[in-house]
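S.K.: Quick note: our numbering has the sequence shown finishing at residue 613, numbered continuously throughout.
Below is the structure I would like to discuss, written out as structure tokens.
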Amino acid sequence: MAVAEVNKTSIKGGEFLIKETSSSQIFIPEEFSEEQRMIADTCREFLGKEIWPILDEIDHAKSPDLISGLMDKAGELGLLGTAVPEEYGGFGMNFNTSMLVAETTGAGNSFSVALSAHTGIGTLPILYYGNDEQKSKYLPKLATGEWKAAYCLTEPDSGSDANSGKTKAILTSDGQHYSITGQKMWITNGGFADVFIVFAKIEENGQADKNLSAFIIEKSFGGITMNASEHKMGIKGSDTRQIFFNDCLVPVENMLSERGNGFKIAVNILNIGRIKLAAAALGGAKRVTQQAIQYANERKQFGTAIAQFGAIKHKLAEMATQMFATESAAYRVGQNIDDLISAFQEKGMSDAESKLKALEELAIECAIMKVHGSEVLDYVVDEGVQIYGGMGFSADAPMDRAYRDSRINRIFEGTNEINRLLVVDMLLKRAMKGQIDLMGPAMAVGKEIMSIPDFSINEDETLFAAEKKVIQNLKKAALMVAGAAVQKFMMKLSEEQEIIMNLADMVIEIYAAESVLLRVEKRIDLLGAEANKLHADMAMIYLHRAVEKVNNAGKAAITSFAESDELRVMLMGLKRFTKIEPVNLKDARRRIADELIAKNDYVF
């Protein structure tokens with residue numbers, strides 16, 4: 010079934026926490042069309058032919074020419090223009106298809122970083138915020154790879170606080186150019202980029218604007234110098250540099266959007282980067298898992314392949330389960346974005362405006378997925394090293410590169426700490442603006458924990474009825490803690506970052522667990538229960554994991570601010586809301602691992 014054929018109801022960002030979602034409302038990867046699967050196959054074939062055989066050469070390249078040349082080859086296949094409309098030389102794919110491309114190419118290590126920087130933060134600001142002339146001039150060349158793009162936001166003194174950047178833009182006396190001066194750092198593709206998206210504050214009479222503005226700067230404009238490529242822990246083949254703009258003269262028509270709109274551009278483009286990073290991390294995790302399975306089947310100890318040992322089976326099954334959760338949630342968000350884009354277009358919004366509005370609406374889910382995807386990748390590569398044992402620590406084995414390359418993802422696109430803070434901050438701000446009703450349900454939960462528990466037996470025998478009840482209770486746990494924290498600290502809650510991050514962990518696990526359950530339910534509707542026994546196992550494993558994590562995070566938050574009777578009541582409520590019927594998770598993991606071992610690959 011093609012994505013376009015799926016009829017879904019668009020929802021507001023963050024609404025999953027207070028509303029029950031039906032499996033019919035979500036998209037699952039099993040619904041990708043044959044055409045979309047062929048696109049993914051093209052990406053895999055490209056990596057297999059052009060990237061994986063020369064990973065060492067890419068990491069040790071002395072100049073950016075190698076990556077630039079590989080980008081040219083990717084451009085020839087159309088991999089640089091997936092999100093660019095056909096009228097500008099691209100393929101005009103919908104958002105979830107571009108997510109699939111990001112996932113598949115995410116297994117390309119350093120190359121995937123260069124590719125995503127070009128197609129994402131390098132190209133999309135022009136696509137979404139450029140005027141007709143800017144789009145016509147730049148997008149066709151970016152879509153083919155004739156020109157490469159870089160994104161210049163971070164400065165030595167402005168990282169997470171991006172709007173504090175000091176790069177300045179001063180209008181020349183003839184009013185024809187802005188003279189831009191400043192220093193940017195950690196610029197991916199800096200050494201070979203032809204086009205830079207640069208953020209600066211316009212300065213008049215010695216007074217700088219409060220907010221950033223954005224500019225499209227061509228390398229040919231001059232006034233640009235750069236340091237040598239940075240020596241990094243990982244993604245060594247990615248060209249990363251400090252770039253200096255020294256009275257760089259930029260035509261006034263190259264301002265992107267409006268004066269002072271740069272910070273908004275940066276934030277919205279980062280929303281895209283976050284959800285795409287989750288997809289790319291998933292692709293990298295799948296590649297590592299495939300290698301770990303194959304090594305476990307080959308490596309023998311005590312006369313037996315280590316894949317047959319229970320400890321290794323546990324690792325393989327957990328790796329598969331956590332990736333399955335990321336995959337389920339990521340494409341759920343991707344389809345929600347597509348649905349909102351369509352809904353906004355039907356209301357008369359332009360293509361670019363509808364895409365930006367959809368991504369802004371689902372910024373909470375984008376931040377959730379950035380954290381989840383990057384941390385699942387880190388977990389997977391760490392276990393991959395462990396499965397390889399001593400060879401995992403050798404630079405001659407693939408886990409060395411995978412381990413080092415994965416670490417940046419918890420820093421890219423806003424650190425995971427910043428994203429956790431954003432998840433809760435955005436939820437609470439939307440609640441205060443009346444965009445979603447969090448306090449009503451939170452108050453209802455507060456009353457519920459003071460009432461006598463319902464000990465009646467649930468006779469609902471519909472599929473996953475008990476498990477859905479667990480999800481509903483986990484949401485109550487999060488609402489209970491959030492409501493109490495808001496009442497306790499009011500406007501000073503932002504100063505309690507530890508509690509906010511506890512809350513974020515609860516919300517993230519709830520979203521992932523619900524996504525897994527809904528996916529398996531829909532798979533059973535499409536393919537039958539017999540074909541989904543192992544998927545049901547993964548749903549149970551992940552749900553039990555989520556219950557444990559929600560309980561731990563909730564307890565950490567509650568004990569940080571509640572005292573006396575309030576503490577006892579809230580802990581009692583948390584215990585009530587984090588109950589789940591025990592099942593034999595060991596056997597479930599073994600069944601999953603046995604399938605992986607038999608297929609000698611990640612097969613879910």
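Think of the CB as a built atom: it goes at the ideal place given N, C-alpha and C, for glycine as much as any other residue.
Can you give me the Cβ contacts of LYS245 inside the same chain, cut-off strictly under 6 Å, excluding the 5 residues immediately before and after it?
M.R.: Only ASP68 meet the Cβ criterion.
S.K.: Taking the beta carbon of ASN263 as the centre, do at least 16 other beta carbons fall within 10 Å, making it buried, or is it exposed?
M.R.: buried
S.K.: Checking 9 Å against the spacing of the C-beta atoms, do GLU422 and LYS379 come in under that value?
M.R.: yes
S.K.: Leaving out the 5 sequence neighbours to the left and right, which residues in its chain are closer than 8 Å to LEU124 when beta-carbon positions are compared?
M.R.: Taken in chain order, the residues that qualify are MET80, ALA83, LEU88, LEU89, THR114, GLY117.
S.K.: Can you check whether the CB of LEU86 is closer than 9 Å to the CB of THR132?
M.R.: no
S.K.: I need the boundaries of the beta strand (DSSP E) containing ASP256, first residue and last residue.
M.R.: 249 to 260
S.K.: What whole-angstrom Cβ distance do GLY199 and ILE252 have, given they're in contact under 8 Å?
M.R.: 5 Å
S.K.: Please tell me whether ALA521 and LEU488 are closer than 9 Å, where the distance is taken between their beta carbons.
M.R.: no
S.K.: Have a look at the DSSP bridge pairing and note the partners of HIS323.
M.R.: Looking at the DSSP assignment, HIS323 forms no beta bridge with any residue, so it has no partner.
S.K.: Beta-carbon within less than 7 Å of GLU95's beta-carbon, same chain only, minus the 5 sequence neighbours each way: which residues are those?
M.R.: GLY101
S.K.: In angstroms with no decimal places, state the Cα-to-Cα distance between ALA491 and PRO260.
M.R.: 49 Å
S.K.: Spatial neighbours of LEU583 within its chain, please: CB distance less than 8 Å, with the 5 preceding and 5 following residues excluded, ordered by chain position.
M.R.: ALA486, MET489, VAL490, ASN560, GLY563, LYS564, ILE567
S.K.: Count the other C-beta atoms from every protein chain shown that fall within 10 angstroms of the C-beta of ARG598, then say buried if there are 16 or more, exposed otherwise.
M.R.: Looking at its Cβ environment, which holds 16 or more other Cβ atoms inside 10 Å, ARG598 is buried.
S.K.: Report, in whole angstroms, the separation of the C-beta atoms of HIS553 and PHE613, which I expect to be a contact under 8 Å.
M.R.: Rounded, the Cβ-Cβ distance is 18 Å, inconsistent with contact.
S.K.: Would you mind reading off the limits of the alpha helix (DSSP H) that contains LYS295?
M.R.: LYS295 -> alpha helix (DSSP H) spans 271 to 307.
S.K.: Taking the alpha-carbon positions, what's the GLY243 to MET408 distance?
M.R.: For the pair GLY243 and MET408, the Cα-to-Cα distance works out to about 12 Å.
S.K.: So is GLU557 buried or exposed if we call it buried at 16+ other beta carbons inside 10 Å?
M.R.: exposed
S.K.: How many angstroms separate the CA atom of GLU523 from the CA atom of LYS477?
M.R.: 8 Å
S.K.: Determine which residues share a DSSP beta bridge with CYS375 and list them.
M.R.: Bridge partners of CYS375: none, in fact.
S.K.: Report the CB separation of LEU483 from ILE519 in whole angstroms; it is logged as a contact under 8 Å.
M.R.: The beta-carbon separation of LEU483 and ILE519, rounded to 5 Å, stays under the 8 Å limit for a contact.
S.K.: Write down the C-beta distance between ARG577 and PRO462 rounded to the nearest angstrom, noting that I regard them as a contact closer than 8 Å.
M.R.: Contact annotation, ARG577 with PRO462: C-beta distance approximately 15 Å; criterion of less than 8 Å not satisfied.
S.K.: Between LYS366 and the rest of its own chain, which residues show a CB-CB distance below 6 Å, the 5 nearest in sequence each way excluded?
M.R.: If the five residues before and after LYS366 are omitted, its C-beta is found closer than 6 Å to the C-beta atoms of PHE353, all from its own chain and listed in chain order.
S.K.: If distances are taken between C-alpha atoms only, which option among ALA376, ILE445, GLN310, ALA329 comes closest to TYR397?
M.R.: GLN310
S.K.: Using the C-alpha atoms, what's the distance from ALA316 back to LYS322?
M.R.: So the two alpha carbons sit approximately 6 Å from each other.
S.K.: Which residue's Cα is closest to the Cα of CYS257: HIS186, LEU148, ASN609, PHE498?
M.R.: HIS186
S.K.: How about ALA223 and PRO134: do their beta carbons lie closer than 9 Å?
M.R.: yes
S.K.: Within its chain, find whatever has a CB closer than 8 Å to the CB of GLN299; leave out the 5 residues flanking it on each side and keep chain order.
M.R.: Same-chain partners within the cutoff: ASP610, TYR611.
S.K.: Taking DSSP's pairing of strands, which residues face VAL122 in a bridge?
M.R.: In DSSP, VAL122 forms no bridge with anything.
S.K.: Which of the three DSSP states is assigned to GLU14 in this structure?
M.R.: At GLU14 the pLDDT is 38, less than 50, meaning the model places this residue with poor confidence; the figure from the coordinates comes in the next sentence. Here GLU14 sits in helix by DSSP.
S.K.: Under 6 Å Cβ to Cβ from ALA92, same chain only, skipping five residues before and after it: list those, please.
M.R.: SER107
S.K.: Does DSSP put LYS21 in a helix, a strand or coil?
M.R.: coil
S.K.: Among TYR137, THR128, GLY174, whose alpha-carbon lies nearest the alpha-carbon of THR153?
M.R.: THR128
S.K.: Apply the 10 Å Cβ neighbour rule to ASN280 and answer buried if 16 or more other Cβ atoms are within range, or exposed otherwise.
M.R.: The residue in question, ASN280, is buried, as its Cβ has 16 or more Cβ neighbours within 10 Å.
S.K.: Helix, strand or coil: how does DSSP classify THR471 here?
M.R.: coil
S.K.: At what residue ranges does the segment 108 to 177 contain a whole run of the alpha helix (DSSP H), taking only runs of 4 or more?
M.R.: Fully enclosed alpha helix (DSSP H) runs of 4 or longer: 119 to 126, 133 to 138, 141 to 153.
S.K.: Taking the alpha helix (DSSP H) that HIS553 belongs to, which residues open and close that run?
M.R.: 542 to 570
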